Amino acid sequence: MTQKETAAVPASSKEPKQEGLGLQFKECFLIQPKETKEDATKTKKRKKKKITDVLAKSEPKPGTPKDLQKLVNDYYSSNRSVIELEELNLPDSCFLKANDLTHSFSSYLKEICPKWVKLRKNHSEKKSVLMLIICSSAVRALELIRSMTAFRGDSKVMKLFAKHIKVQEQVKLLEKRVVHLGVGTPGRIKELIKQGSWNKFCNQNHGKNLVHEPRYQGIHNTTVIIFASGLNLNPLKFLVFDWNWRDQKLRRMMDIPEIRKEVFELIELGILNLCKSESLKLGLF
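Numbering follows full-length UniProt numbering, in which position 87 of the sequence shown is assigned residue number 87; successive positions increment by one, without gaps.
So this is what it looks like as structure tokens:
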């Protein structure tokens, strides 16, 4: 008999008899099995590893193009087919040299774009930028703008985040002046691109979703081409992710679920096609 098995132990050596029936009864008590150390460890909940614990045991590693591609595949693997996942692959040729954690922001930008001065002088198209820098928050965007002074020179920089700035205000600024650099969050950049990609035909039969809007009242029997203002991606040459920087909780931008989701949606919105056409280069700072 093992320690875990329930044993019946007689309470007394005396066996009382029930008169008239000739039967004997024993009074018994159930003994509960003792919990072993092995059982106790199984019941304990496993503690989740924290980012701080992981970083304490190993030095932070710089991000690589494979890291980005793996995150994309993992994110879409549950709802995309194998063929669709292959279409989401970013070509190796679109990636620039990643930051090895030895660069300042200005020195990294100088390395990946040594001909920036000539490039910005030839850029005269409004509602567009030559370089987009994507980060996790408005506060971080301001830090990056201050830290790129040595690189940007006389370049016009625009803040592309949602804090205290409405989308339409940013659209008007893009319409008024030539901008070379855009620094902001993926969510707001995505919204600005959507504003600029609205390019549809509208008529009586196919434009019902447009004619009910106030600015299209009175449009009925005429076919109209609608070009909405916003951010045009075609002149874009460089897109840099603020990949390795960590916030107060030691999270990188791609460790934050909301930011990660918006980055992937932004890639699908037009970045992927530009990379495949080899007109856009990606960098991981």
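Heads up, the beta-carbon is just placed ideally off N, CA and C, and yes, glycines get one too.
Model, not experiment: these values are computed from the prediction.
- In this structure, Val263 and Met254 form a Cβ contact; the two beta carbons are roughly 7 Å apart against a cut-off of 8 Å.
- Rounded to whole angstroms, Arg188 and Ile256 show a C-alpha spacing of 16 Å.
- Scanning the stretch 132-196 from its first residue to its last, the whole beta strand (DSSP E) runs of 3-plus residues come out as 157-160 and 181-184.
- One alpha carbon belongs to Lys190, the other to Leu174, and they sit about 15 Å apart.
- If only complete runs of 4 or more residues are kept, the stretch 82-109 shows the alpha helix (DSSP H) at 82-87, in order along the chain.
- In the structure shown, Leu282 adopts extended strand secondary structure according to DSSP, grouped into three states.
- Counting every other CB atom within 10 Å of its CB across the protein chains shown gives Val72 a total of 16 or more, marking it as buried.
- Partner residues in the beta bridge of Asn232, as assigned by DSSP, are Ser128.
- It is roughly 6 Å from the alpha-carbon of Ser147 to the alpha-carbon of Phe105.
- Between the beta-carbon of Gly230 and that of Leu192 there is about 5 Å, and that keeps the pair under the 8 Å contact cut.
- Here Asp242 is buried. Its C-beta has 16 or more other C-beta atoms within 10 Å.
- Across the set Glu84, Asn79 and Leu132, the C-alpha of Leu132 shows the shortest separation from the C-alpha of Phe285.
- Separation of Val171 and Lys156 (C-alpha to C-alpha, rounded to the nearest whole angstrom) is 15 Å.
- Judged by their CB atoms, Ala138 and Lys166 are not nearer to each other than the 8 Å cut-off.
- Look at Leu250 here: in three-state DSSP terms it is coil, with no helix or strand label.
- DSSP links Val240 through a beta bridge to Ile133 and Gly283.
- Less than 8 Å separates the beta-carbon of Ile112 from that of Phe238.
- Excluding sequence positions up to five before and after Asp92, its CB lies within less than 8 Å of the CB of Pro65, all in the same chain and listed in chain order.
- By the neighbour-count criterion, in which a residue is buried when 16 or more other Cβ atoms sit within 10 angstroms of its Cβ, Pro186 is buried.
- Residues Ile112, Lys281 and Gly283 of the same chain have their beta carbon placed closer than 6 Å to that of Leu96, with the five preceding and five following residues left out of the count.
- Counted as a single uninterrupted DSSP element, the alpha helix (DSSP H) harbouring Lys118 occupies residues Trp116 to Lys121.
- The shortest CA-to-CA distance from Leu144 to any of Asn244, Lys249, Glu258 and Ile267 is the one to Asn244.
- Residue environment for Leu181: buried (at least 16 other C-beta atoms within 10 angstroms of its C-beta).
- Nearest neighbour of Val183 by Cα position, chosen from Ser136, Tyr108, Val117 and Gln168, turns out to be Ser136.
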